[in-house]
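Notes follow the structure.
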Amino acid sequence: MTKEDALKILGELGNSKNMANHGKAAGFAMAALFDYFKSKGQKFELSKEDWEIVGLLHDADYEKTNKSLELHTEETTKLLNQINANQIIINAIRGHCDKSPRDTLIAKSIYAVDELTGLIVACALVQPDKKLNSVTVESVLRKFKDKSFAAGANRDQIKTCETELSIPLEEFILITLKSMQEKSEDLGL
Ligand SMILES: [Fe+2]
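Right under this line is the structure:
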């Protein structure tokens, strides 16, 4: 499947602009993580585009299913099965909300990075100019430790970057932040 197919699914499921932007941010971060792992000599069954697709689609039916944790990812799974998408992609998407074991690097990556992209957006929105480019790794780290800030962003989940991906938190923030800053215009931030 291609990114075009993924964007079609996002459209079919009727995502709001905010939700589509969340998917885009996760997609950029996943593509950057692919590059990171590749630079470490990791071999992949899937392509960089596939990694971006998992980010793009991980929450594709979140609004359609009225944020029901029980139904979340089921609609997306149906549409992905219709186009015979790779099962590793489907499992990674289902894995981020505990519908499938997170037993691949791609599944562990979307699980850890999902909440971080949300935290970074929240960090941008409290900047005087509300711009992603004003956000620094230090400011994200500070907000990470302040549990009352963007309390919905699950810190334990983000922290699995260290236990499951062997990426120190600070470096994980750097990779993710940079990937989003490079596409800040696409994200409208
Ligand atoms: Fe998400």
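Numbering of the sequence shown is given in this note's numbering, commencing with residue 3 and proceeding in unit increments. Note that CB positions come from ideal geometry on N, CA and C, so glycine has one too. Nothing here was measured: the structure is a model prediction, and the numbers come from that model.
C-beta contact flag for residue i and residue j at 8 Å
| i | j | result |
| --- | --- | --- |
| ASP52 | LEU15 | no |
| MET21 | ASP61 | yes |
| ILE92 | ILE55 | no |
| SER181 | LEU134 | no |
| ILE108 | LEU48 | yes |
| LEU118 | ILE175 | yes |
| LEU121 | ALA155 | yes |
| ASN17 | GLU65 | yes |
| PHE36 | LYS50 | yes |
| ALA27 | VAL123 | yes |
Any non-hydrogen atom of ligand 1 within 7 Å of residue i CB
| i | result |
| --- | --- |
| ASP116 | yes |
| HIS74 | no |
| ALA109 | no |
| ALA8 | no |
Which listed residue (the options) has its alpha carbon closest to that of residue i
| i | options | result |
| --- | --- | --- |
| LEU58 | SER141, SER136, ASP7 | ASP7 |
| PRO130 | GLY13, GLN84, LEU191, LEU121 | LEU191 |
| LEU179 | ALA87, ASP116, ARG104 | ASP116 |
Residues near residue i in its chain [Cβ-Cβ closer than 7 Å; skip 5 each side]
| i | result |
| --- | --- |
| LYS161 | LEU171 |
| CYS125 | VAL137, SER141, VAL142, LYS145 |
| THR75 | ASP63, ILE95, ARG96, CYS99, LYS101 |
| LEU71 | CYS99 |
Own chain, CB closer than 6 Å to residue i, minus 5 neighbours either side, in chain order
| i | result |
| --- | --- |
| LEU73 | THR67 |
| GLN84 | none |
Check: Does the pairing of the region 111-122 with the region 24-41 give three or more beta-carbon distances under 8 Å?
Finding: Yes, since at least three Cβ pairs between the region 111-122 and the region 24-41 fall closer than 8 Å, the two stretches touch.
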